[in-house]
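Working notes for the structure below.
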Amino acid sequence: MRITNRFEYKYVLDLRTYFAFKNRLSLYMKKGLHTDLAQNKQYFVRSLYYDTYDFKHYYESEDGQFGRIKCRVRTYHKTQEEANIISIEIKTKHGANVKKYSQLIPIEDYLYFLKNHCFQKSSMILDEFTRLIHLQQLEAKAIVEYEREGYVPKISSDLRITFDHSVRSGASKELFPEEEIALHQHNQMIVCEIKCGMKKPQWLEMMIKEFGLKLVGNSKYIQAISRMYPSIISRLECSNNLKEIEGDTQ
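For the sequence shown, the UniProt record's numbering begins at 1 and goes up steadily by one.
Right, here's the structure in full:
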C-alpha cells in the first residue's frame, strides 16, 4: 500500500520545447530507475478509468470540483500474459493538491475481482475501491495509454518530473481487451507533469518562466472522454443546463 500527497502541475510541450527543456533539466535531474531500465528510455503505461453511467467523475473534473475522486486500474504491460502485478488506485484532488492511494496486487487477484466484483484480500485501499465501485455503480469507461519518461533529482527530494509521449485512448471495459480497439491519438504534443511538495524549487520556477510553459487543467481522462463520447457529452450538458434553468425559475 502506498499513499502520496503532493502538488501536480501539467504543461503541454511541442517537440522543440521538449528537447530544450529536457536538456536544461539534465543539470538538476537524472532518469528515474524505470526509465533508465526501459527500452528507448520510455516505459509503457495503461490505465482503465471508471465512471458513473452519466459521467459524474468526468463533469466533476471538467468543473474543477474540489475534493473530486478518480478510480482507475493501472498496468505497465501491454498484455495480460506479460503482467504479473496490477496497481489499484484512488485519486482525490483539491486544487493542485493530489492525494493518491495505490496498492499493487497479483494479476490473479485482479482477475478474481473482475469475476466476483470484490477482492480476495482486505485492505484500506482495496475495500474503499470496492465500496466506491458498488456505491456509485461505477463502470469501466476508457483506457488511456502512453510512453512515459521520468526524472528524479540528483540531490534527494520529493520532486518528480515526467514526460508522456503519444497519449492515446479508446473506449474499453477491460484493462487487457481481448480484441484490438481503436485508439485515438490525443495530439502530437508531449505532456509534462511536475509533481512536488508545497513549493517548486526556484531553479524550476525560473525554467518554467524562461521556456514560457503554460499550465493546462484538463486531465488525460477528460480528453479521452471528450474525444470518444462527443454526442453523449453534448446531450448530457444540454440536460444539465435545462435542469439549472428549471431550478432558477422555481
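The beta-carbon is built from N, C-alpha and C at its ideal position, and this holds for glycine as well. Computed from a predicted model, the values in this text were never measured in an experiment.
Residue i - DSSP class collapsed to helix/strand/coil
i: Lys220; result: helix
i: residue 330; result: With the chain running from 1 to 250 in the structure shown, residue 330 is simply not present.
i: Glu246; result: At Glu246, the pLDDT of 47 sits below 50, so the modelled position is not reliable; the number obtained from the coordinates is stated separately. Glu246: helix per DSSP, three-state reduction.
i: Leu132; result: helix
i: Asp36; result: helix
i: Thr79; result: coil
i: Glu60; result: helix
i: Tyr18; result: helix
i: Leu215; result: strand
Strand pairing of residue i, partner residues [DSSP]
i: Pro153; result: Met29
i: Asn5; result: Lys99
i: Ser169; result: Val144 and His184
i: Tyr49; result: Arg72 and Ala142
Whole-number beta carbon distance between residue j and residue i, since they are thought to touch under 8 Å
i: Gly197; j: Phe21; result: About 21 Å separates the two Cβ atoms, so there is no contact after all.
i: Leu25; j: Tyr151; result: 6 Å
Cα-Cα separation between residue i and residue j, rounded to whole angstroms
i: Phe66; j: Gly95; result: 6 Å
i: Leu15; j: Lys56; result: 34 Å
i: Phe19; j: Lys214; result: 17 Å
i: Ile155; j: Lys31; result: 13 Å
i: Lys41; j: Arg131; result: 38 Å
i: Met207; j: Ile105; result: 38 Å
i: Gly170; j: Thr162; result: 22 Å
i: Lys10; j: Lys115; result: 36 Å
i: Glu34; j: Glu149; result: It should be pointed out that residue 34 corresponds to His in this sequence rather than to Glu. Each residue's alpha carbon lies about 9 Å from the other.
i: Lys100; j: Leu27; result: 29 Å
Given 8 Å, three or more beta-carbon pairs between the stretch 193-204 and the stretch 70-83: no
The stretch 66-73 contacting the stretch 132-141, beta-carbon criterion three pairs below 8 Å: yes
Inter-stretch contact (C-beta, 8 Å, three-pair minimum) for the stretch 122-137 and the stretch 219-233: no
Sufficient close CB pairs (3 or more, under 8 Å) joining the stretch 101-120 to the stretch 37-54: By the C-beta criterion, the stretch 101-120 is judged not to be in contact with the stretch 37-54, since fewer than 3 inter-stretch pairs fall below 8 Å.
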